[in-house]
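Since the structure comes first, as structure tokens, the remarks are kept for the end.
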Amino acid sequence: MTGRYDIVVVGAGIGGASLAWFLSERASVLLIEAEEQPGLHSTGRSAAFFAETYGGPGVQPLTAASKAFMIQPPEGFADGPLVTPRGALHIAGPDARDALDQMEGAFRALGVAVERLDADRTAARAPLLSPAWRQCGLWEPGCSDIEVARLHQGFLGGARRRGAALVTGARVRGLERRDGCWRIETGAGHFEADVVVNAAGAWADEVAVLAGAQPLGVQPLRRTMVVADLGQAVEADLPVVLDVAGAFYFKPDAGMMWVSPHDETPVAASDVQPEELDIAIAVDRFETATTATVRRVVRSWAGLRSFAPDRLPVYGFASDAPGFFWCAGQGGFGVQTSPAAGAMAAALITGAAWSAPGVDPERYAPRRFS
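Shown next, in the form of structure tokens:
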């Protein structure tokens, strides 16, 4: 298989798919995916919630700028809603309650709606919390569940309808810049493009090396999720509950409880699997913070969250490889920021005008690591 395109996007997860959707309005686009199924390693294993506090103050502007798209996507984009209201309750153990004050102040300053709760109101929001963990809380009413598959397929399907092509099983084997054009060798054929976008997720640094660009230190981290049976159906309207110290979070789903130990174990880019120790830690932390007991672990999985050294995403052209564009380091917030990040990155590539309140593209430029 061969072809010549304006832009080749390497990686068809949520980052590459959203960017291809925006780019395909203005350019010929090829989206190439190493696996047979797009979104296998990160997007398809997402915890699936939208929260402006998630990812920290540096990510919040991109999340806020994505909210309108999530609530009311373009006509024909998806066959149902992308988000459903859930709410998030941030809690603290006995030694970490000052952290709730700091979190409240930081996000109030950014205009995020948060409300401090006393013990009674915290317990009312999450009755299963143990006494030590329900003394105070921070309520985030704007948190929603995300239909990740619907969002991802909306971007992929929409890009194809706009003329973009998708090739799977196309792991990049070589990248060469010659006569102002990129030549891309993959497991599915050879392609040419004026611009190559590195949206390879956990493999972003490896793709950069193939292109002759300096890797930025994008590190894949393993994150574990456990589906727990509590012996009775979990109330569907419970919020996402997150430990402000980052030791765990949990949320209801289909009568079960999804529990994560919020682990961030550095790993090589691969098809990661959960470790028994991390599963046990998830169960222990959940049972410590609540009055519930995990009767059995129904299933578990792990996914990859990839971060640049400063934990902010990277969007912009490389200074050491002409026509090589970074779209990487999206951590665990790539899904919730995908509408704004895709639009911003597409504008940076094509030179189109784009702006959103509080979003400074320079903040995410790769040259910050130079």
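Position 139 (the sequence shown) corresponds to 139 in full-length UniProt numbering; numbering is contiguous. Quick reminder that beta carbons are idealized off the backbone N, C-alpha and C, glycines included.
From PHE324 to LEU175, what distance separates their C-alpha atoms? Here residue 324 refers to the residue found at position 324 when the sequence shown is read from its first residue. Here residue 175 refers to the residue found at position 175 when the sequence shown is read from its first residue. C-alpha separation (whole angstroms): 10 Å.
Only counting the same chain, and skipping five residues up and downstream in sequence, which positions put a Cβ closer than 6 Å to that of GLY334? Locating residue 334 in the sequence shown gives position 334, where the first residue counts as 1. The residues are ILE14, GLY15.
Give me the residue from VAL10, MET1, GLY3, ASP6 with the minimum Cα distance to VAL207. By 1-based counting over the sequence shown, the position of residue 207 is 207. Considering only alpha carbons, the answer is VAL10.
Can you tell me which of the three DSSP states TYR364 falls into? If you number the sequence shown from 1, residue 364 lands on position 364. Looking at TYR364 - three-state DSSP - the assignment turns out to be helix.
Reduced DSSP secondary structure (H/G/I, E/B, other) of ASP243: Translated into positions along the sequence shown, residue 243 becomes position 243. ASP243: strand per DSSP, three-state reduction.
Helix or strand or just coil, what does DSSP make of residue 372? No information on residue 372 is available, as it lies outside the stretch 1 to 370 that the chain covers here.
Helix, strand or coil for residue 422 per DSSP? Limits of the chain in this structure are 1 at one end and 370 at the other, which puts residue 422 out of reach.
State the CB to CB distance for the pair VAL272 and LEU304, rounded to an integer number of angstroms; the pair is presumed to be in contact (CB under 8 Å). Here residue 272 refers to the residue found at position 272 when the sequence shown is read from its first residue. Here residue 304 refers to the residue found at position 304 when the sequence shown is read from its first residue. 6 Å between Cβ atoms; contact.
Inter-residue CB distance, ILE32 and VAL59 (contact presumed, cutoff 8 Å): Taking the sequence shown and counting its residues from 1, one reaches residue 32 at position 32. Taking the sequence shown and counting its residues from 1, one reaches residue 59 at position 59. Their Cβ separation, rounded to whole angstroms, is 27 Å, which puts ILE32 and VAL59 out of contact at 8 Å.
Which listed residue (LEU23, VAL29, GLU25) has its alpha carbon closest to that of GLU192: Working through the sequence shown from its first residue, we reach residue 192 at position 192. When each option's Cα is compared against that of GLU192, the closest is VAL29.
Contact set for MET1: own chain, Cβ-Cβ below 7 Å, skip 5 residues either direction: One-based indexing of the sequence shown puts residue 1 at position 1. Answer for MET1: VAL167, ALA188, GLY189, listed in chain order.
Using 8 Å as the threshold, is the stretch 150-160 in touch with the stretch 115-126, meaning 3 or more CB pairs across them? no
In chain order, what residues of the same chain have a beta carbon less than 7 Å from the beta carbon of THR186, not counting five sequence neighbours either side? Looking up residue 186 in the sequence shown gives position 186. ILE32, ALA170, ARG171, VAL172, ARG173.
According to DSSP, what are the bridge partners of TRP258? Residue 258 sits at position 258 when you count from the first residue of the sequence shown. Answer is VAL227, LYS251.
When you compare the CB positions of SER306 and GLN214, do they come within less than 8 Å of one another, or not? Taking the first residue of the sequence shown as position 1, residue 306 is located at position 306. Taking the first residue of the sequence shown as position 1, residue 214 is located at position 214. Cβ atoms of SER306 and GLN214: not closer than 8 Å.
So which of HIS90, GLU35, PRO85, PHE22 has the shortest CA-CA distance to VAL241? Reading the sequence shown from its first residue, position 241 is the one you call residue 241. Nearest of HIS90, GLU35, PRO85, PHE22 to VAL241, Cα basis: HIS90.
Taking Cβ to Cβ, would you say PHE22 is nearer than 8 Å to GLN336? For the purposes of this step, residue 22 is identified with residue 22 of the sequence shown, where counting begins at 1. For the purposes of this step, residue 336 is identified with residue 336 of the sequence shown, where counting begins at 1. No; because the gap between Cβ atoms is not below 8 Å, this pair is not in contact.
Beta-carbon within less than 6 Å of SER338's beta-carbon, same chain only, minus the 5 sequence neighbours each way: which residues are those? Your numbering for residue 338 matches position 338 in the sequence shown. Cβ neighbours of SER338 beyond the five flanking positions: ILE14, SER18.
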